[in-house]
Amino acid sequence: MRRNRGKKPEHQIRIAKERILILFDEAAKMVKEDSALANRYVALARKIGMRYNVRLPTNLKRKVCKYCKAFLQPGVTSSVRLKNGCVRVKCFNCNKMIFYPLRQRDK
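The sequence shown begins at 314 in my numbering and counts up by one.
1) Can you give me the C-alpha to C-alpha distance between Asp338 and Arg318, rounded to a whole angstrom?
2) Alpha carbon to alpha carbon, what distance is there between Pro414 and Thr371?
3) Given Val344, which residues of its chain have a CB within under 8 Å of its CB, disregarding the five upstream and five downstream residues?
4) State the DSSP-derived secondary structure class of Tyr354, mapped to helix, strand or coil.
5) Thinking C-alpha only, which one of Cys404, Arg332, Val400, Leu395 is nearest Tyr380?
6) Assuming Ile333 and Ile361 form a contact by the criterion Cβ under 8 Å, report the distance between their Cβ atoms to the nearest whole angstrom.
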């Protein structure tokens with residue numbers, strides 16, 4: 314009989330997704346007061362995602378620096394600029410630039 318190795322039960326995956334959303338909401342609330350605590354919440358959310366093999370949604374993934382894994386809040390820990398058809402995000406923690414393409418609209 315074959316076992317279902319590596320696959321977590323559906324209810325555990327659902328709970329993991331809820332916890333990830335809660336941690337990102339708490340990080341957004343705490344970033345102005347204590348950015349280290351907000352970064353800790355993001356690290357915990359990423360660990361939960363890796364443990365239960367849950368991908369972060371794109372909107373949450375863009376709130377984390379690719380290089381230093383810090384929480385990015387525009388105006389507080391990052392700056393956002395639009396230039397040449399792409400979104401440019403600068404992390405104030407590591408001073409790296411992250412580029413995201415803008416979708417082209419049909420003309």
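No residue lacks a Cβ here, since even glycine has one placed at the ideal position from N, Cα and C.
With the structure as the only source:
1) 32 Å
2) 13 Å
3) Ala351, Phe384, Gln386, Val389, Thr390
4) helix
5) Selected option, being the one with the closest Cα: Cys404.
6) Confirmed, Cβ separation roughly 6 Å.
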